[in-house]
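Trainee:
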Amino acid sequence: MNAIYIDTTNSDEQRRDLLYGGQVIVHSPTPSSLALVEFARQMLTDAFSGADPETAQFHLPVDRYAAILAELKPKFIHHPKSKEFIQGILRETGCDLSKTYFDVPRMRTSTSDQYLTTGIAYAFHPHRDTWYSAPMCQVNWWMPIYPIVSENAGAQRLRHLQL
Ligand SMILES: [Fe+2]
49 MNAIYIDTTN SDEQRRDLLY GGQVIVHSPT PSSLALVEFA RQMLTDAFSG ADPETAQFHL
109 PVDRYAAILA ELKPKFIHHP KSKEFIQGIL RETGCDLSKT YFDVPRMRTS TSDQYLTTGI
169 AYAFHPHRDT WYSAPMCQVN WWMPIYPIVS ENAGAQRLRH LQL
């Protein structure tokens, strides 16, 4: 039976056992997760020249939209601030920093209405990350940059975590 644990007080090791057993853990925002979101939003706003990134697909040609994301995503992923915020999130959620390895944060994007279905905004089919060489001990963390709506994020992410 799968469960969703919200702000569990379990230890880091207990949380890993839950996750490896297929459970889902939800954390409330922390100062560093809020800072990471704000940082991502600012980078998005800058990249789209002040236009609303959530609706930019309705105002931009596909190639321009794809070019913006192709430049923005690596910039966000490898920015030193992004890594600092990730370390902060791990610390604020009780992870043992001396035993925790982390990867750079990926920014996932998707569009609607068949606007962009390949390349930079391709929606991956359901999968296990280990199919693509992820280590078996990897734990994925997801957080929304913009408020989640039921049509685009929740099911995808839970499906991802439960595979
Ligand atoms: Fe994945």
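First residue of the sequence shown: 49, per the numbering used here; consecutive thereafter.
Cβ coordinates follow ideal geometry from the N, Cα and C atoms, glycine included.
(1) Is any non-hydrogen atom of ligand 1 found closer than 7 Å to the C-beta of HIS107, if you look at the structure I gave you?
(2) Three-state secondary structure (DSSP) at ILE193?
(3) Does the Cβ of GLN210 have 16 or more other Cβ atoms within 10 Å, making it buried, or fewer, making it exposed?
(4) Is ASP177 near ligand 1 - that is, is its Cβ less than 7 Å away from at least one heavy atom of it?
(5) Does the pairing of the region 93-103 with the region 76-83 give three or more beta-carbon distances under 8 Å?
(6) Is the beta carbon of ASP60 sitting closer than 8 Å to the one on CYS143?
(7) Tell me the DSSP secondary structure of VAL72 in three-state form.
(8) Quick check on the burial criterion: 16 or more other C-beta atoms within 10 angstroms. Buried or exposed for ARG63?
(9) State the CB to CB distance for the pair GLN71 and ALA51, rounded to an integer number of angstroms; the pair is presumed to be in contact (CB under 8 Å).
(10) Tell me whether the beta-carbon of TYR163 lies closer than 8 Å to the beta-carbon of GLN90.
Mentor: Taking the structure as given:
(1) Along the sequence shown, read from residue 1 onward, the residue named residue 107 stands at position 59. No.
(2) By 1-based counting over the sequence shown, the position of residue 193 is 145. In this structure, ILE193 counts as coil in the three-state DSSP scheme.
(3) Along the sequence shown, one-based indexing puts residue 210 at 162. The pLDDT assigned to GLN210 is 38, lower than 50, so where the model puts this residue is not dependable; a value taken from the coordinates is nonetheless given after this. Exposed is the call here.
(4) Translated into positions along the sequence shown, residue 177 becomes position 129. Yes, the beta carbon of ASP177 sits closer than 7 Å to at least one heavy atom of ligand 1.
(5) no
(6) Here residue 60 is taken as the residue at index 12 of the sequence shown, counted from 1. Here residue 143 is taken as the residue at index 95 of the sequence shown, counted from 1. Their beta carbons are under 8 Å apart, which means ASP60 touches CYS143 by this criterion.
(7) Counting from 1 along the sequence shown, the entry for residue 72 is found at position 24. Three-state DSSP puts VAL72 in a strand.
(8) The sequence position of residue 63 within the sequence shown is 15, counting from 1. Classification for ARG63: buried.
(9) The count along the sequence shown starts at 1 and reaches residue 71 at position 23. The count along the sequence shown starts at 1 and reaches residue 51 at position 3. GLN71 to ALA51, Cβ: 5 Å. Contact.
(10) Translated into the one-based positions of the sequence shown, residue 163 becomes position 115. Translated into the one-based positions of the sequence shown, residue 90 becomes position 42. Taking 8 Å as the Cβ cut-off, TYR163 and GLN90 do not qualify as a contacting pair.
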